[in-house]
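Protein chains in written order, with the working numbering: chain A, 10 to 240; chain B, 10 to 240.
To keep things clear, I will list the structure first and then write my remarks on it.
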DNA sequence: CGGCGTTGTCATGACTCTGCAACATTCTGC
DNA sequence: GCAGAATGTTGCAGAGTCATGACAACGCCG
């Protein structure tokens, strides 16, 4: 898999395909769902970085899905963009009131969609694909899928990369092992939570030559945090 | 020489002139076509950096032109903006399904048009198609359709050439096998993704005598990247 | 037709990564 | 300071990923 993961919930096949095509082309990972049930399964499987939801869905309205996602503690932070066919003011307001982070009226251009996604991801604190984040000499290049320290490439395996990427886009926040597993592996996967420790260690070892391992901080009985402040 | 070249396909003389005037004023090179046939000739003659197409054209719909341009491997990457007179929803959706990168509804202000063009060109992110890209002794001549190393022509088969061309115009970016297939073969073709490995290998073998094969980097579980930095 | 270059597919072996378990160390409350 | 809990460290086997060579299908041109 590649880049940020976006879940597209849309019943009309043609539109869904078009959206997926545009997103993949831009380098996002895409997961598709045609109704709320499938969407829930996908959410349970692995939490995406952003969700696009059609307003009109066959089994249950997209609103309902949005609302429930925003109610659940595990998925509350997931940014949501609603796709609405009508340009009616009422819809937009209702959508936003129920927790969508943004909405976009059909029809829309791929450019428009990508712009919105970038904006929402930025606001959510994670990164759009065309952005570069820098942190004390640590430079994260999303497009290039690598992290450099003073122009030296950090040799990271996939899991370590994703973990550092995750932390770098959410500094100063503590994440429990449970949360990390849900976001980086997928909540249905059966991974021991002690595995996180090992992954953290590998990450620290990779950062150690540059003295940056101190940024990966242990918060006892809570989880881990990425921060440049002293413990 | 002008800056980027824009092809304007529009049957109404007055509108075409107005658009051309605005674009030239902004520093773009402009080429005009009044129908699809002329447009095709212009495309064959010299590939522009962007194409503006009117939705309603006398001989053939602009849609048809868009679709065929996006189907053709040579012109697939050409960004297209559609001009549509009607604000009807159907139009836009159809336009997008057929591959236009953006659309703009008439009437529009010159400022709006320029903004869209800028955004689409930025997103396309490719270097000008008529430029010569040089990379550590590796020279890509897109006009001559060949690649040279210290004035020696690299013996490349078509597929390898296209792949190297693709990578050279987008350095430092990782592309998944899926993406490479979609962009180099076409999204509708069914090609095994392992085929990419083989193609990469052939490319590396061609570059190896010059010690340039190290630029083609494997990014484990993500894809490949063209870069002159160390792994 | 037949040789030649090109292209996609496959099987195999080499290699890296990853999660786990087992043991070592540190921390916390008492 | 001690017991128990939480975290750090290490080696390893299985899983996953990639490079490589062989090969068949195809088109092209004499």
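Where is the CB? At the ideal position from N, CA and C, for every residue including glycine.
Name the residue from the options whose alpha carbon lies nearest to the alpha carbon of residue i.
i, options, result
"residue 82/A", "191/A, 144/A and 176/A", "191/A"
"residue 162/A", "121/A, 209/A, 216/A and 177/A", "216/A"
"residue 199/B", "210/B, 187/B and 207/B", "187/B"
"residue 206/B", "145/B, 48/B, 157/B and 230/B", "230/B"
"residue 59/A", "129/A, 236/A and 167/A", "129/A"
"residue 234/B", "165/B, 73/B, 197/B and 175/B", "175/B"
"residue 32/B", "181/B, 14/B and 51/B", "14/B"
"residue 44/B", "56/B, 178/B and 61/B", "61/B"
If you drop the 5 nearest sequence neighbours on each side, which residues of the same chain put their C-beta closer than 6 Å to that of residue i?
i, result
"residue 35/B", "123"
"residue 185/B", "232"
"residue 222/B", "213 and 216"
"residue 26/A", "none"
"residue 148/B", "157"
By the DSSP assignment, the beta strand (DSSP E) with residue i in it spans what residues?
i, result
"residue 148/B", "147-150"
"residue 91/A", "89-93"
"residue 154/A", "From DSSP, residue 154/A is part of no beta strand (DSSP E); its letter is neither H nor E."
"residue 16/A", "14-18"
"residue 234/B", "232-235"
"residue 143/A", "141-144"
Is the CB of residue i under 8 Å away from at least one CB in chain A?
i, result
"residue 200/B", "no"
"residue 225/B", "no"
"residue 183/B", "yes"
"residue 233/B", "no"
"residue 79/B", "no"
"residue 154/B", "no"
"residue 50/B", "no"
"residue 148/B", "no"
"residue 124/B", "no"
"residue 187/B", "yes"
"residue 111/B", "yes"
"residue 196/B", "yes"
Return no unless some Cβ of chain B is closer than 8 Å to the Cβ of residue i.
i, result
"residue 129/A", "no"
"residue 175/A", "no"
"residue 192/A", "no"
"residue 159/A", "no"
"residue 13/A", "no"
"residue 140/A", "no"
"residue 228/A", "no"
"residue 118/A", "yes"
"residue 167/A", "yes"
"residue 162/A", "yes"
"residue 34/A", "yes"
"residue 144/A", "no"
Could you pull out every residue in the same chain whose Cβ sits closer than 8 Å to the Cβ of residue i, ignoring the five residues on either side in sequence?
i, result
"residue 108/A", "75, 76, 78, 79 and 89"
"residue 29/B", "17, 39 and 41"
"residue 171/A", "193"
"residue 85/B", "78, 79, 192 and 195"
Apart from the five residues just before and just after residue i, which ones in its own chain have a Cβ nearer than 7 Å to its Cβ?
i, result
"residue 63/B", "18, 19, 20, 71 and 92"
"residue 169/B", "208, 211, 212 and 215"
Over the uninterrupted alpha helix (DSSP H) stretch that includes residue i, give me the two end residues.
i, result
"residue 42/B", "Looking at the DSSP string, residue 42/B is not in any alpha helix (DSSP H); the run it does join, the beta strand (DSSP E), is 38-42."
"residue 61/B", "From DSSP, residue 61/B is part of no alpha helix (DSSP H) but of the beta strand (DSSP E) over 59-63."
"residue 71/A", "71-80"
"residue 111/B", "Per DSSP, residue 111/B belongs to no alpha helix (DSSP H); it is in the beta strand (DSSP E), 111-114."
"residue 47/A", "45-54"
* At what residue ranges does the region 156-213 of chain B contain a whole run of the alpha helix (DSSP H), taking only runs of 4 or more? -> 167-177 and 186-189
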